[in-house]
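Undergrad:
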Amino acid sequence: MSAVTTTRPLRVPGADGIAVAVHRWGSPGELPPVYLQHGFVADTRLNWVGTGAVGVLLSAGREVVGVDARGHGRSDKPHDPGAYGELRMADDLRRVADALGHDAFDLAGYSMGATVAMLVAVADRRVRRLVVGGAGAAFVERDGAARRAVLMAELAAALEAADVADVRNPTTAHFRRIADALGADRRALAAHARAVHATGADLAAITAATLVLAGDADPLAVRPEVLAAAIPGARVTVVPGDHTTALRAPAFAAALAGFLGEP
Numbered sequence: 001m002s003a004v005t006t007t008r009p010l011r012v013p014g015a016d017g018i019a020v021a022v023h024r025w026g027s028p029g030e031l032p033p034v035y036l037q038h039g040f041v042a043d044t045r046l047n048w049v050g051t052g053a054v055g056v057l058l059s060a061g062r063e064v065v066g067v068d069a070r071g072h073g074r075s076d077k078p079h080d081p082g083a084y085g086e087l088r089m090a091d092d093l094r095r096v097a098d099a100l101g102h103d104a105f106d107l108a109g110y111s112m113g114a115t116v117a118m119l120v121a122v123a124d125r126r127v128r129r130l131v132v133g134g135a136g137a138a139f140v141e142r143d144g145a146a147r148r149a150v151l152m153a154e155l156a157a158a159l160e161a162a163d164v165a166d167v168r169n170p171t172t173a174h175f176r177r178i179a180d181a182l183g184a185d186r187r188a189l190a191a192h193a194r195a196v197h198a199t200g201a202d203l204a205a206i207t208a209a210t211l212v213l214a215g216d217a218d219p220l221a222v223r224p225e226v227l228a229a230a231i232p233g234a235r236v237t238v239v240p241g242d243h244t245t246a247l248r249a250p251a252f253a254a255a256l257a258g259f260l261g262e263p
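Spelled out as structure tokens, the structure:
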């Protein structure tokens with residue numbers, strides 16, 4: 001596996017002037033670059049470098065671009081909910097591709113990043129291959145948006161709580177502990193949680209070859225085959241693990257790199 005070193009990220013401003021941090025590894029090859037979008041509370045380093053995914057992609061000869069979403073990692077962190085939402089983050093990612101001059105790219109997103117990735121792929125034909133990680137039926141089912149909105153409201157409250165011991169929901173408490181461990185800006189994360197994307201997307205418009213990749217014990221990605229059925233020609237791969245451990249499973253990075261390595 002290639003060693004992964006971190007250098008000073010490039011900063012790319014969004015339409016509203018909020019800048020996102022962009023991490024780059026590798027050199028251009030025969031296949032287009034791979035863009036990676038992390039999940040909520042996390043960042044490029046935690047979801048993609050620390051899990052070994054970037055190293056596996058580099059070993060496969062890929063150029064890799066990781067985007068820290070606004071409010072996360074080394075990107076700007078406004079405290080206004082109006083500055084957030086997955087549609088804004090999708091636009092940020094497309095602007096990164098514009099800034100780097102990439103007329104084609106592969107794209108992988110995990111959890112929140114999966115929503116961002118699907119929104120990008122719906123609107124941008126530059127996406128050649130798409131990996132939707134840590135997501136399942138809730139994105140397309142009738143009551144899925146309502147369930148996501150309730151969860152994110154509870155998550156915002158957990159992030160704003162004076163002490164994690166006061167958080168009763170084990171799922172939101174888990175995300176709060178990650179935020180505390182990372183030293184994240186909890187006010188910025190709570191603002192994002194209050195702006196969650198809840199309107200769905202026209203997944204039938206996706207033209208990129210797509211893989212839905214989920215853990216077999218992930219409560220936030222149940223029935224991934226339902227999500228895959230909504231995307232033309234999408235495949236499904238299930239790996240061992242829950243919402244946190246699946247991303248660290250060697251099978252996850254192997255499936256990611258293998259699918260994105262297809263011509």
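For the sequence shown, UniProt numbering gives the first residue as 1, with consecutive numbering after it.
Beta carbons are placed, not taken as given, at the ideal position from N, Cα and C, and that holds for glycine.
Only a predicted model underlies this, so the values are computations on that prediction, with no experimental measurement involved.
(1) What would DSSP say about Thr244, mapped onto helix, strand or coil?
(2) Determine contact between the region 56-73 and the region 19-26, defined as no fewer than three beta-carbon pairs at a distance below 8 Å.
(3) Over the uninterrupted alpha helix (DSSP H) stretch that includes Thr172, give me the two end residues.
(4) Using CA coordinates, which residue listed in Gly233, Ile18, Phe40 is at the minimum distance from Val243?
(5) What would DSSP say about Asp98, mapped onto helix, strand or coil?
(6) Assign Pro78 to one of two classes, buried (16 or more other C-beta atoms within 10 Å of its C-beta) or exposed (fewer than that).
(7) What's the gap between the Cα of Ile18 and the Cα of Arg95?
(8) Which residues bound the beta strand (DSSP E) around Thr210?
(9) Measure the alpha-carbon distance for Ala205 versus Pro28 and round it to whole angstroms.
(10) Cα-Cα, which of Gly233, Ala83, Gly241, Ala190 is closest to Val131?
(11) Starting from His192, trace the alpha helix (DSSP H) in both directions and tell me its first and last residue.
TA: The structure says:
(1) coil
(2) yes
(3) 170-182
(4) According to the sequence displayed, residue 243 carries His and not Val. Minimum Cα distance to His243 is reached at Phe40.
(5) helix
(6) buried
(7) 12 Å
(8) 209-215
(9) 28 Å
(10) Gly233
(11) 186-193
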